[in-house]
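Peer 1: I am attaching a structure below and will ask some questions about it afterwards.
Protein chains in written order, with the working numbering: chain L, 1 to 117; chain Y, 118 to 408.
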């Protein structure tokens with residue numbers, strides 16, 4: 001028997017929420033890195049726009065995107081501390097444009113579906 | 118263990134703990150420097166907000182929010198499977214088949230009887246030895262199967278298997294019978310066992326059927342043919358007891374040999390047994406309750 005909405009396992013909701021968020025985070029990170037940022041300022045910029053992301057999620061994501069050739073990074077000293085700065089690579093810019101077009105298409109479809117419901 | 122003198126030392130300890138859990142094969146320093154830089158930036162930002170240096174306890178709150186070092190390291194590590202989701206269903210089926218359907222029957226029906234014969238009929242010794250052999254056999258089989266699947270997972274076999282399958286080789290659709298609920302199955306097994314035990318106890322405890330009348334009634338010979346367990350247990354020595362000299366030999370129920378109709382039996386009170394005639398002919402014994 002399917003559980004009613006009141007006794008739905010919170011873990012199920014949390015998993016669905018994370019799944020929904022995962023793709024959006026990648027898009028948000030790529031968009032923010034159209035200008036050069038280092039990890040902490042990137043996290044702060046995302047949090048200021050309402051998208052909190054913890055260190056354990058952001059840094060593995062940055063590494064993955066860099067290994068996929070979508071980001072470039074370098075170490076530079078700023079305020080007497082070494083920081084790793086990231087920005088989009090030319091390939092990353094092209095991919096971001098494709099992803100934004102896809103996002104726009106999904107968003108329009110979802111809006112239409114929600115209006116029909 | 119000494120407490121860290123300042124937030125900076127606390128961060129260094131934290132990074133050392135994360136380093137411990139990171140895979141040694143991957144470059145760690147970049148990763149740890151970046152994580153350390155982020156944590157120090159958070160501490161600095163908090164100090165700017167408060168306008169004073171942070172206490173060690175306040176800095177530890179930031180690290181707590183970041184997460185346990187082992188968990189943080191696991192997020193930085195690539196996902197590692199001993200047996201991945203692609204092979205796992207096959208692995209589970211093979212494991213179940215080998216352990217439950219091959220190993221257990223082999224030990225119960227082949228190794229067990231051999232051990233019993235070798236132990237000279239000592240059940241306890243044979244049982245302990247068989248269980249010991251079964252445990253080590255099951256452990257070895259599980260380890261070998263796991264090792265084989267772990268090797269397959271790391272080889273290119275899975276890709277080859279995934280590429281080679283052909284939908285045209287799929288078997289025809291079979292009618293699936295609806296499985297009964299678990300409670301029904303458990304109840305059925307419990308009642309079957311209860312019934313079997315009751316049936317096996319009947320020859321020894323006839324009161325389970327006759328109640329207080331078991332003092333003068335017993336099972337007729339027909340039942341002793343049916344109750345094989347009773348026959349094998351008591352052998353032929355019990356056979357003459359089944360036949361009352363004054364009752365038909367092949368009845369369902371007969372009088373006990375010590376009971377004589379129409380004679381008073383004080384031990385049978387409040388029942389009275391008397392001989393009468395059946396309207397259909399032949400002898401009949403009447404049992405009635407007396408006040």
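Glycine is no exception: its CB is placed at the ideal position from the N, C-alpha and C atoms.
1) Output, in sequence order along the chain, the residues in the stretch 147-159 of chain Y whose CB is closer than 8 Å to any CB in chain L.
2) So what does residue 74 of chain L bridge to, in DSSP terms?
3) Residue 313 of chain Y to residue 230 of chain Y, Cα distance in whole Å?
4) Given that a residue counts as buried once 16 or more other Cβ atoms are within 10 Å of its Cβ, and exposed if not, what is residue 176 of chain Y?
5) For the stretch 175-199 of chain Y, list every residue whose C-beta sits within 8 Å of some C-beta in chain L, in sequence order.
6) Count the CB pairs spanning the stretch 248-259 of chain Y and the stretch 185-199 of chain Y that are closer than 8 Å, and state whether there are at least three.
7) Going straight from the alpha carbon of residue 155 of chain Y to that of residue 172 of chain Y, what length do you get?
8) As a quick exercise: from Y:318, Y:268, Y:331, pick the residue whose alpha carbon is nearest that of residue 201 of chain Y.
9) For residue 26 of chain L, go through chain Y and note every residue whose CB falls closer than 9 Å to its CB, in chain order.
10) Taking 7 Å as the CB-CB cut-off, is residue 86 of chain L touching chain C?
11) Is it buried or exposed, residue 39 of chain L, if we count other Cβ atoms within 10 angstroms and call 16 or more buried?
12) Give the range of the alpha helix (DSSP H) segment to which residue 159 of chain Y is assigned.
13) Can you check whether the CB of residue 149 of chain Y is closer than 7 Å to the CB of residue 127 of chain Y?
14) Please check the pair residue 87 of chain L and residue 36 of chain L, which I expect to be a contact at CB under 8 Å, by giving their CB distance rounded to whole angstroms.
15) Quick one, are the C-beta atoms of residue 336 of chain Y and residue 373 of chain Y less than 7 Å apart?
16) Which of the three DSSP states is assigned to residue 294 of chain Y in this structure?
17) Of all the CB atoms in chain Y, is at least one closer than 7 Å to the CB of residue 83 of chain L?
18) Suppose you measure from the CA of residue 121 of chain L to the CA of residue 92 of chain L; what does that come to, to the nearest Å?
Peer 2: From the atom records:
1) Within the stretch 147-159 of chain Y, the qualifying residues are 147, 148, 150, 151, 152, 154, 155, 156, 157, 158, 159.
2) Stepping through the first chain from its first residue, residue 74 of chain L is reached at position 74. L:85.
3) Numbered from its first residue, the second chain carries residue 313 of chain Y at position 196. Numbered from its first residue, the second chain carries residue 230 of chain Y at position 113. Computed Cα separation, rounded: 24 Å.
4) Within the second chain, residue 176 of chain Y is the residue found at index 59, counting from 1. Buried.
5) Of all residues in the stretch 175-199 of chain Y, only 182, 183, 184, 188, 189, 192, 193 come within less than 8 Å of chain L when Cβ atoms are compared, listed by chain position.
6) no
7) Taking the first residue of the second chain as position 1, residue 155 of chain Y is located at position 38. Taking the first residue of the second chain as position 1, residue 172 of chain Y is located at position 55. Spanning the two alpha carbons is a distance of roughly 18 Å.
8) Taking the second chain and counting its residues from 1, one reaches residue 201 of chain Y at position 84. Minimum Cα distance to residue 201 of chain Y is reached at Y:268.
9) Reading the first chain from its first residue, position 26 is the one you call residue 26 of chain L. Going along chain Y, no residue has its Cβ under 9 Å from residue 26 of chain L, so there is no contact; the nearest lies around 15 Å.
10) Looking at the structure shown, chain C is missing, and the protein chains on hand are L and Y.
11) In the first chain, the residue the question calls residue 39 of chain L occupies position 39. Classification for residue 39 of chain L: buried.
12) Locating residue 159 of chain Y in the second chain gives position 42, where the first residue counts as 1. It spans 146-167 - the alpha helix (DSSP H) in which residue 159 of chain Y sits, taken as one unbroken run.
13) As a working mapping, residue 127 of chain Y is identified with position 10 in the second chain. As a working mapping, residue 149 of chain Y is identified with position 32 in the second chain. The answer is no: Cβ separation not under 7 Å.
14) Numbered from 1 along the first chain, position 87 holds the residue referred to as residue 87 of chain L. Numbered from 1 along the first chain, position 36 holds the residue referred to as residue 36 of chain L. Contact between residue 87 of chain L and residue 36 of chain L is confirmed by a C-beta separation of about 4 Å, below the 8 Å threshold.
15) Here residue 336 of chain Y corresponds to residue number 219 of the second chain, with the count starting at 1. Here residue 373 of chain Y corresponds to residue number 256 of the second chain, with the count starting at 1. Cβ atoms of residue 336 of chain Y and residue 373 of chain Y: not closer than 7 Å.
16) The residue given as residue 294 of chain Y occupies position 177 in the second chain. Reduced to three states, the DSSP call for residue 294 of chain Y is coil.
17) Taking the first chain and counting its residues from 1, one reaches residue 83 of chain L at position 83. It does: the Cβ of residue 83 of chain L has a partner Cβ on chain Y nearer than 7 Å.
18) Outside the shown range of chain L, which is 1 to 117, sits residue 121 of chain L, and nothing can be said about it.
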